[in-house]
Amino acid sequence: DGKRKGFILGAGGAIGRITERASTDIQSPFVKPSTTIKKLTYGFEVRLGYAFNQRNAVVFVREDSYMRAKNTFNDTRLFLRQHIGFGLTHWLKPAAPAFFLNGSIGWSHFREFSYGLASRFGFGAGAGLGYELTRHVSVQMSVTYLKAKLFVSPRNQFRDLSGRLSVVIMGY
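So for the sequence shown, the working numbering puts the first residue at 597; every next one is plus one.
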């Protein structure tokens, strides 16, 4: 029926910039004890939820960001950063075109695609401002904070602050 009320499903692509601070307690001349990475990222996002009315929805959020960077062993690798959680979306008008605000809280997942290194899990939160251009198509600018640790060695940790611009196709 083209109204936001009811179940909603969205997916889209994103580009962004990440600032990551990593630290480790590994003692080796080949490993840096801490490092800061600033890189462009690319990724996607998925949103699944329920809109109680034309202006408010509860959503499950999954945002994935990929980047190529040097790891603590000074090798260039592909890295994945995920924010998985639950949030709220509030549209300022009941129909498109309309600005919207959203926020989410949940988990973070960090993974390096090499060496079979363990995944790291932790806390994640995000907030965004978007604009629904037409019914079902929106653009959004968002900021996400992620923090994760390697459970077997809690001093091996990562902290990310990233901004991203995404285009999402939303079905409702």
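Quick reminder that beta carbons are idealized off the backbone N, C-alpha and C, glycines included.
Is it buried or exposed, His686, if we count other Cβ atoms within 10 angstroms and call 16 or more buried?
exposed
Minimum C-alpha distance to Arg664 - residue among Val642, Glu616, Val654:
Glu616
Terminal residues of the continuous beta strand (DSSP E) containing Ser619?
602-619
Can you have a look at Ala653 and say buried or exposed, based on whether 16 or more other CB atoms are within 10 angstroms of its CB?
buried
What residue from Ser734, Phe754, Gly606 has the CA that sits closest to Glu659's CA?
Gly606
Per DSSP, which residues does Ala723 bridge with? Please list them.
Gly699, Val739
With a 10 Å radius around its C-beta and 16 neighbouring C-beta atoms as the bar for buried, classify Ser661 as buried or exposed.
buried
Roughly how many angstroms separate the alpha carbons of Tyr741 and Asp671, rounded to a whole number?
25 Å
In three-state DSSP terms, what is Tyr638?
strand
Would you call Ser734 buried or exposed, if buried means 16 or more other Cβ atoms sit within 10 Å of its Cβ?
buried
State buried or exposed for Lys666, treating a residue as buried only when at least 16 other CB atoms are found within 10 Å of its CB.
exposed
In the DSSP assignment, find the unbroken beta strand (DSSP E) run with Phe648 in it and report its ends.
Phe648 -> no beta strand (DSSP E), and no H or E assigned at all.
Cα-Cα separation between Pro562 and Gly681, rounded to whole angstroms
Given a span of 597 to 768 for the chain in the structure shown, any question on residue 562 remains unanswerable.
Whose C-beta lies closer than 6 Å to the C-beta of Gln678 among residues of the same chain, with five residues either side of it excluded?
Asp660, His705
Quick check: the Cα distance between Gly608 and Leu729, rounded to an integer number of angstroms?
14 Å
Assigned secondary structure, Phe709 (DSSP; H/G/I helix, E/B strand, else coil)
coil
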